[in-house]
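*Asks:* Structure below; questions to follow.
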Amino acid sequence: MTEPIPLSLLNDHLYCPRRAALKLIEGWRESNEHTLRGDIVHEHTDQRGYEVRQGVTLLRALPVFSERLGLNGKCDIVEMEPAGHPSRVQLQPTSLFPVEFKLGRRRRWENDDAQLCAQALCLEEMFGIPVPRGAVFHADSKRRREVEFTPELRRLTEEAISELHALLTAGPEPSLPPAVLKNACEECSLYKVCLPQVTSQPAALAQASRALFQT
Ligand code: SF4
C-alpha cells in the first residue's frame, strides 16, 4: 500500500480527476472565492473539541484513518452516542453519525456523498460498528441532507480511492489526466494552472507550445 490518500482528495477526484492529480502529483494548492468561503465555513469545525447537546456528543475535527483503504483525514463533526466525555468513544460508542459541512444550498453532489462515505468507512474500521448514514450540512441554506451509505455509494467511494492509489503508483512520472472543459471548471481554483480552454484541445495546446518556443 502506498502512503495514505487524504480524504478530501476523493472529493476533488470525483469533481474532476485532473484536479485531484494536479494536487496529488504536482502539489498545487490555489485559492479562489469558493475555497476561501469554504475555509470560513470550516472555521468552527476545524477546531478540535467536543460538546454535548440533547443527549448526543458532538466531536469536532475528529482525525480518522483506514489502514485497509490507505486513507486518512478528519471528520468535521461526528455525532456520537452514548453522550458523555469523548474518552467514552474509546470504550465503545453505540452509534456514530458523520456530518460534513459544505458551501452552497441543499443539493446532492456525488463527490460530497463519497467524501462522507469514506469518513464512514474509516469510522467503521476504527470503532468496529456499522455507520449506515451521515449528513451533509449545506451552509448557505443552513439545512442538512441525510446520506445513506448504500452498497452502490460504498462501491463508488472505494473505486475512487483505488484510482487515486493507482495514480500514486503509476511510476516515477505519472501523467495527468486530460483536461475536460465543463461548467465545473468555472469554479475550480486550479483553473489558471490547468488552463482547460487550451489543455482540453490537443491541437490548441500544440499551437500554444509552438508559439511559446518561437518567442
Ligand atoms: S479547470 Fe476544469 S479540467 Fe482543469 S482541473 Fe479544474 S475542473 Fe478539472
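Counting from -1, one number per residue, gives the positions in the sequence shown under our numbering. Quick reminder that beta carbons are idealized off the backbone N, C-alpha and C, glycines included.
1. Which parts of the segment 20 to 108 are runs of the beta strand (DSSP E), unbroken and 3 residues or longer, counting only runs that do not cross its ends?
2. Does any heavy atom of the ligand SF4 sit closer than 7 angstroms to the C-beta of Ala206?
3. Is any beta-carbon of chain C found at less than 8 angstroms from that of Pro128?
4. Classify Asn181 as buried or exposed, calling it buried when 16 or more other Cβ atoms lie within 10 Å of its own Cβ.
5. Evaluate Glu157 with the Cβ neighbour count: other Cβ atoms within 10 Å of its Cβ, from every protein chain shown; 16 or more gives buried, anything less gives exposed.
6. Work out the CA separation of Phe99 and Cys277 for me, nearest whole Å.
7. Answer yes if the segment 187 to 206 comes into contact with the segment 25 to 33, meaning at least three C-beta pairs across the two stretches below 8 angstroms, and no otherwise.
8. Please report the straight-line C-alpha distance between Ala201 and Gln195, rounded to a whole angstrom.
9. Between the alpha carbons of Thr214 and Ile75, how many angstroms are there, rounded?
10. Of the choices Arg106, Ile3, His163, whose alpha-carbon is the least far from that of His136?
11. In angstroms, rounded to a whole number, what distance separates the CA positions of Thr92 and Ile159?
12. Who does Phe135 pair with in a DSSP beta bridge?
13. Specify, as a first and last residue, the run of the alpha helix (DSSP H) that Ile127 falls within.
14. Comparing C-alpha positions only, which one of Gly53, Asp110, Val50, Leu60 sits nearest to Asp44?
15. Pick from Ile3, Val62, Arg16: whose alpha carbon is nearest that of Ser198?
16. According to the Cβ coordinates, are Asp138 and Asn9 closer than 8 angstroms?
17. So, at 6 angstroms on beta carbons, what are the nonlocal neighbours of Arg35 in its own chain, with the 5 sequence-adjacent residues on each side left out?
18. Closest by CA to Arg142, which one among Glu77, Arg103, Arg208, His42?
19. By alpha-carbon positions, which one of Leu7, Pro2, Leu5, Ala19 ends up nearest to Glu171?
20. Among His83, Glu122, Leu114, which residue has its Cα nearest to the Cα of Gly53?
*Replies:* Reading it off the structure:
1. 47 to 51, 54 to 64, 69 to 79, 93 to 100
2. no
3. Absent from the structure is chain C; it holds one protein chain and no more.
4. exposed
5. Its Cβ having fewer than 16 others within 10 Å, Glu157 is exposed.
6. Nothing about residue 277 can be reported from this structure: the residues present for the chain run from -1 to 213 only.
7. Contact between the segment 25 to 33 and the segment 187 to 206 is present, with at least three C-beta pairs closer than 8 angstroms.
8. Between Ala201 and Gln195, the C-alpha separation is close to 11 angstroms.
9. A query on residue 214 cannot be resolved here, the shown segment of the chain reaching from -1 to 213 and no further.
10. Arg106
11. Rounded to whole angstroms, the separation of the alpha carbons of Ile159 and Thr92 is 27 angstroms.
12. In DSSP, Phe135 forms a bridge with Phe99, Arg142.
13. Where Ile127 is concerned, there is no enclosing alpha helix (DSSP H), given that its DSSP letter is neither H nor E.
14. Leu60
15. When only C-alpha atoms are compared, the closest one is Arg16.
16. no
17. Leu101
18. Arg103
19. Ala19
20. Closest by C-alpha distance to Gly53, out of His83, Glu122, Leu114, is His83.
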